[in-house]
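Student:
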Amino acid sequence: MAAIQASQKPSYSISPARTPKEVDAVHSLISTYSKTQVPQQVLVLTSEAATLPGRYSQPHGEILLARTTTPDQAPMGWVGLRPFPELSDPQAAERDTDICQFKRLFVLEEHRRKGIGKALVEEVIKTAREKGYKEIRISAEVHLEKEIEMYKRMGFVVREKYFEGAVPELVFLALHL
52 MAAIQASQKP
62 SYSISPARTP
72 KEVDAVHSLI
82 STYSKTQVPQ
92 QVLVLTSEAA
102 TLPGRYSQPH
112 GEILLARTTT
122 PDQAPMGWVG
132 LRPFPELSDP
142 QAAERDTDIC
152 QFKRLFVLEE
162 HRRKGIGKAL
172 VEEVIKTARE
182 KGYKEIRISA
192 EVHLEKEIEM
202 YKRMGFVVRE
212 KYFEGAVPEL
222 VFLALHL
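The opening residue of the sequence shown carries number 52 in the numbering used here; numbering runs sequentially from there.
1. Can we say the stretch 157-169 touches the stretch 180-190, given the rule of at least three CB pairs closer than 8 Å?
2. Nearest-angstrom Cα distance between S149 and T97?
3. Closest to F157 by CA distance: which of K182, E174, K177 and G131 is it?
4. Pull up the distance between the alpha-carbon of L171 and that of L115, whole angstroms please.
5. Considering only C-alpha positions, which residue in the set H194, S62 and E192 is nearest to P122?
6. Which of the three DSSP states, helix, strand or coil, is assigned to G105?
7. How big is the Cα-Cα spacing for A191 and M201?
8. How far does the beta strand (DSSP E) with E113 in it extend, from its first residue to its last?
9. Is the CB-CB distance between I65 and E174 below 8 Å?
10. Which residues mark the beginning and the end of the beta strand (DSSP E) in which R188 is found?
11. Keeping to the same chain, check which residues put their C-beta closer than 7 Å to that of E73; ignore five residues upstream and five downstream.
12. What's the gap between the Cα of I55 and the Cα of K203?
13. Within 10 angstroms of its Cβ, does M52 collect 16 or more other Cβ (buried), or is it exposed?
14. The alpha helix (DSSP H) with R204 in it runs from where to where?
15. Identify, in the order they occur along the chain, each residue of the same chain with its Cβ nearer than 8 Å to the Cβ of E113, setting aside the five sequence neighbours on each side.
16. What does G128 pair with, by DSSP beta-bridge criteria?
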């Protein structure tokens with residue numbers, strides 16, 4: 052019975068992914084996520100993975116990694132935070148925007164419906180506040196109804212499209228921090 056309880060309530064930690072091993076864990080998660088995407092999106096994800104931390108670089112961005120608390124610290128999910136609009140130099144000392152965006156929220160199938168996605172969103176919001184952002188944005192595919200409802204419960208509101216060229220199947224949300 053204890054094993055069942057342990058699997059129902061996983062032990063995990065969320066922290067910035069900064070070491071090569073942690074970034075490799077994010078690469079692994081992106082690879083898994085890519086297998087569920089259309090070819091055009093796979094190209095974007097592959098390019099993004101090759102340049103990590105890239106647009107999620109410090110000091111204005113962050114990559115947050117959820118891992119098990121078991122000795123192997125297996126990756127469970129991740130999310131990226133970046134300035135919006137994107138800075139030409141993500142590592143520049145100054146930024147010209149008080150708006151950020153979180154991207155790529157992903158939790159492995161076997162760890163879903165356990166609160167890890169929500170915990171990653173809570174942590175990315177906390178990180179955005181610590182970095183001095185005033186607003187955080189997200190775009191989500193319309194078919195992700197449960198995720199969109201979660202964002203709304205967390206205080207996000209639907210807003211107008213905030214970038215051109217966006218596919219019509221996206222919902223745009225924002226949270227004032």
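Idealized CB from N, CA, C, for every residue including glycine.
Tutor: So, from the data block:
1. no
2. For the purposes of this step, residue 149 is taken as the residue at position 98 of the sequence shown. For the purposes of this step, residue 97 is taken as the residue at position 46 of the sequence shown. Per the sequence shown, residue 149 should be read as Asp rather than Ser. Whole-angstrom Cα-Cα distance: 28 Å.
3. The residue given as residue 157 occupies position 106 in the sequence shown. Selected option, being the one with the closest Cα: G131.
4. Counting from 1 along the sequence shown, the entry for residue 171 is found at position 120. Counting from 1 along the sequence shown, the entry for residue 115 is found at position 64. When rounded, the distance between both Cα atoms is 7 Å.
5. Position 71 of the sequence shown, counted from the start, is the residue given in the question as residue 122. Out of H194, S62 and E192, S62 has the C-alpha closest to the C-alpha of P122.
6. Position 54 of the sequence shown holds residue 105. Residue state, collapsed to three classes: helix.
7. By 1-based counting over the sequence shown, the position of residue 191 is 140. By 1-based counting over the sequence shown, the position of residue 201 is 150. The alpha-carbon atoms of A191 and M201 are separated by roughly 12 Å.
8. Along the sequence shown, one-based indexing puts residue 113 at 62. It spans E113 to T119 - the beta strand (DSSP E) in which E113 sits, taken as one unbroken run.
9. Counting from 1 along the sequence shown, the entry for residue 65 is found at position 14. Counting from 1 along the sequence shown, the entry for residue 174 is found at position 123. Going by C-beta atoms, I65 is nearer than 8 Å to E174.
10. What you label residue 188 is simply residue 137 of the sequence shown in a count that begins at 1. E186 to E192 is the span of the beta strand (DSSP E), which, as asked, contains R188.
11. Along the sequence shown, read from residue 1 onward, the residue named residue 73 stands at position 22. These residues qualify, in order along the chain: L116.
12. Position 4 of the sequence shown, counted from the start, is the residue given in the question as residue 55. Position 152 of the sequence shown, counted from the start, is the residue given in the question as residue 203. Here I55 scores only 38 on pLDDT, less than 50, and its place in the model should not be relied on; the value that follows carries that caveat. Looking at the two C-alpha atoms, the distance is approximately 31 Å.
13. In the sequence shown, residue 52 corresponds to position 1, counting from 1. Here the model assigns M52 a pLDDT of 33, short of 50, so the residue's position is not dependable and the matter cannot be decided.
14. In the sequence shown, residue 204 corresponds to position 153, counting from 1. It spans E196 to R204 - the alpha helix (DSSP H) in which R204 sits, taken as one unbroken run.
15. In the sequence shown, the residue the question calls residue 113 occupies position 62. The residues are P67, Y107, G131, L132, V175, T178 and K182.
16. Taking the first residue of the sequence shown as 1, we reach residue 128 at position 77. Beta-bridge pairing links G128 to A117 and V158.
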